[in-house]
Amino acid sequence: MALRSPARTDLPPPSYEEYVGARWTALYRTAYLLTGNHADAEDLAQATLVKAYLAWPKVAAASSPDAYVRRILTNAFVSSRRPLRVSRERLVDQAPEVDVPAGHDDDRLVLWPHVAALPPRQRAVIVLRYYEDLTEQQIADALGCSPGTVKSTASDALRALRGRIAQTEGERS
Amino acid sequence: MNLEQTLTDELASVATGIDVPPPPAVAAVVQQAEQSRTRSRVRWTATTLLAAAAVVAAVVVGNQIGRPNAAPSPTGPTSTATMGTFPLGSPLRTYVDPAKGTLYIDGTPQPGAWSDAVTLGGLTLGYGRTTSTDGATDIGVFRGTERIGVLHDVAGPVVKVSPNARTIAWVEDHHTTGVIVVADVTRSAVHELGRLSAATLVAKPDDESGEQLITVGDDGTVTYGGVTSGHAWRPGGAPRATDISSLMYGPTGFPSRAEEVRLDPTGSWGAWLTDARDPAAGGGFASWGAVTFQQPGRPATKATLRMPAGFSDVRDLYWESDTDVVLDISSGDTSTELITGHVRCSVLTRRCESAPTPGSP
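Those sequence lines, one after another, are chains B and A. Under full-length UniProt numbering, the first residue of the first sequence is numbered 1, with each subsequent residue one higher. Under full-length UniProt numbering, the first residue of the second sequence is numbered 1, with each subsequent residue one higher.
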């Protein structure tokens with residue numbers, strides 16, 4: 001389940017604790033797709049929760065708390081110029097490799113390794129478009145850019161993925 | 001291959017195939033948020049450079065003379081340490097009891113319920129526990145142990161303090177515009193020196209087109225701006241364009257690998273956390289376990305104070321005075337991130353001591 005919730009009703013806004021409990025799994029999955037490994041995904045998801053807490057009155061009052069939190073998540077990911085753990089722990093020697101989730105046949109994941117190798121903004125657009133199933137306008141809102149930028153970024157990302165697939169197939173043949 | 005359909009299928013497959021860890025403890029997230037709120041709220045703006053003595057470390061010294069970009073030399077394992085490893089020092093100068101919300105300044109408990117506080121020179125800013133529905137935080141302003149005012153509706157909430165801690169500035173969020181307020185805090189009350197409205201200052205943390213308050217000088221001059229423009233304004237005058245590029249990306253004059261350098265109140269020293277990598281470990285992550293000092297632009301003054309084994313999980317640091325840094329020590333349990341102790345290290349003596357919390361046995 002992506003980071004999307006049903007349309008809001010007249011129910012009172014959730015408390016922070018309720019939101020964390022209800023949305024952690026979705027938040028973590030999106031964070032994992034963005035970062036490509038569990039360590040950074042956990043840091044990103046937690047950093048998002050910290051920022052969400054600091055802005056909680058606004059988050060809870062938003063027409064879509066999930067959209068607000070998604071914006072925090074993607075901006076935290078895209079704007080990080082360094083490993084997410086750097087505030088408390090630092091990366092040494094080698095970047096962790098992209099995890100292949102347990103139960104997956106590595107060969108069946110044709111695109112995933114290449115998605116994880118995309119630049120952060122391209123990766124964010126791909127995840128928001130093809131996992132969160134957002135429109136260009138919604139992605140633009142999440143990333144704080146124009147729909148045109150989303151369109152061009154997505155185009156660049158897809159072109160890069162096609163190129164890498166072609167390269168991989170060429171190396172195998 | 002249908003690239004887009006394959007993307008949809010694979011991303012869904014990966015997302016549902018991973019083992020999602022349990023959510024973090026909300027109390028720990030809240031504590032981390034409150035700590036980050038205070039640490040990011042106050043920025044010293046000094047640029048003065050002072051001379052200082054050469055560097056000798058207390059626990060272990062990693063002198064980096066001539067190797068300004070070199071990482072501190074790893075040391076061999078030592079016996080597991082506890083707070084008793086360090087000599088007992090004086091209690092933390094400013095402390096908020098997280099359970100009771102009691103603010104202590106120089107050992108004196110203050111009335112009210114607080115979430116965090118920071119002391120800079122003789123000035124303390126206490127951040128009240130949020131009780132209003134709009135999330136606004138009242139900020140108590142203390143000169144010594146005397147409360148001289150309370151700030152309301154502070155955007156951020158971020159308060160800038162001048163290098164001599166006699167002038168402060170903040171932004172009030174008036175919905176459609178932001179208002180910079182500059183005030184003198186040397187008297188028995190917070191005395192406003194001037195206000196300036198600017199629509200670009202309305203708090204939009206993720207909006208790169210917005211502007212933010214950056215510094216306040218001892219004479220009340222504030223700098224503010226964003227990605228595209230910078231301004232300076234002094235109460236009584238008119239805003240003027242200024243280059244803020246050197247102010248936007250943190251202190252300069254430190255190794256490029258130094259991250260999140262914190263300047264002391266006078267700007268004489270910078271301090272940052274460094275890793276404590278086990279030399280036998282391979283790639284991956286290593287915890288912060290040391291603090292490095294250096295004067296800006298003077299790599300020969302760089303030295304590292306490394307925590308002994310058992311203290312290899314330093315979470316944060318802040319300057320308690322012009323010469324002392326306090327390190328927040330965690331239990332090492334990343335699922336909670338609870339701060340379990342504090343170590344005070346002096347840039348002058350190059351020695352560290354445990355800093356008990358006020359009111360603790």
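Glycine is no exception: its CB is placed at the ideal position from the N, C-alpha and C atoms.
In the DSSP assignment, histidine 114/B falls within the alpha helix (DSSP H) that extends over 112 to 115. Between the alpha carbons of leucine 193/A and proline 239/A lies a gap of roughly 15 Å. Counting only Cβ-Cβ distances below 9 Å, tyrosine 16/B has contacts in chain A at Val26, Val29 and Val30, in chain order.
For valine 125/B, the enclosing alpha helix (DSSP H) stretches over residues 120 to 130.
Between glycine 101/A and tryptophan 114/A, the gap from beta carbon to beta carbon is short of 7 Å. At a cut-off of 7 Å between beta-carbon atoms, valine 20/B makes contact with chain A. The beta carbon of serine 245/A sits closer than 8 Å to the beta carbons of Gly230 from its chain, once the five residues preceding and following it are set aside; these are given in chain order.
The DSSP-derived three-state label of proline 65/B is helix. Contact annotation: aspartate 328/A and arginine 315/A have beta-carbon atoms nearer than 7 Å. Close to threonine 25/B, with beta-carbon spacing below 9 Å, are these residues of chain A in chain order: Val20 and Pro23. As computed with DSSP, cysteine 352/A is found in a beta bridge with Cys345/A. Interface criterion not met: the Cβ of arginine 159/B is under 7 Å from no Cβ in chain A.
Flagged as an interface residue toward chain A: valine 50/B, by a C-beta distance shorter than 7 Å. Between the alpha carbons of proline 21/A and glycine 21/B lies a gap of roughly 12 Å.
Alanine 31/B carries a helical assignment under DSSP once its states are collapsed to helix, strand and coil. Between leucine 134/B and chain A, the shortest Cβ-Cβ separation is not below 7 Å. Contact check for isoleucine 148/A and alanine 189/A: beta-carbon distance about 5 Å, within the 8 Å limit, so the pair qualifies.
Methionine 307/A and alanine 41/B have their alpha carbons spaced roughly 28 Å apart. Between alanine 290/A and proline 119/B, the alpha-carbon positions lie close to 32 Å from each other. Its chain contains Ala183 and Asp184 as the residues whose beta carbon lies nearer than 7 Å to that of histidine 191/A, once the 5 sequence neighbours on both sides are disregarded; these appear in chain order.
For arginine 187/A, the three-state secondary structure derived from DSSP is coil.
Of the residues Ala166/B, Tyr32/B, Ser63/B and Ala45/B, the one whose Cα lies closest to the Cα of alanine 116/B is Tyr32/B.
Short of 6 Å from the beta carbon of glutamate 320/A, and not among the five residues preceding or following it, lie these beta carbons of its own chain, in chain order: Arg93 and Val326.
Those residues of the segment 116 to 127 of chain B placed with their C-beta closer than 7 Å to a C-beta in chain A are Ile126 and Val127, ordered along the chain. The Cβ of arginine 70/B sits no closer than 7 Å to any Cβ of chain A. Residue nearest to asparagine 164/A within the set Thr186/A, His175/A, Ile18/A and Leu151/A is Thr186/A (criterion: CA-CA distance). When C-beta distances to chain B are compared with 8 Å, every residue of the segment 222 to 252 of chain A stays at or above that value. Taking CB atoms only, glutamate 10/A has a neighbour in chain B less than 7 Å away. Valine 78/B does not reach chain A, its nearest Cβ partner there being about 10 Å away, counting only Cβ pairs nearer than 7 Å.
Alanine 15/A reaches chain B at Ala2, Arg29, Thr30, Tyr32, Leu33 and Tyr131, counting residues in chain order whose Cβ is nearer than 8 Å. In terms of beta-carbon proximity, threonine 177/A stays away from the interface with chain B, with every pair separated by 7 Å or more. DSSP places glutamate 146/A inside the beta strand (DSSP E), whose first and last residues are 146 to 151. With at least 16 other beta carbons inside 10 angstroms of its own, aspartate 264/A counts as buried.
Chain-ordered, the chain A residues with CB closer than 7 Å to the CB of leucine 111/B read Thr6, Leu7 and Glu10.
Residue-level contact check: alanine 290/A does not touch chain B, since none of the beta carbons of chain B fall below 7 Å from its beta carbon. At the C-beta level, threonine 292/A and threonine 274/A come within 7 Å of one another.
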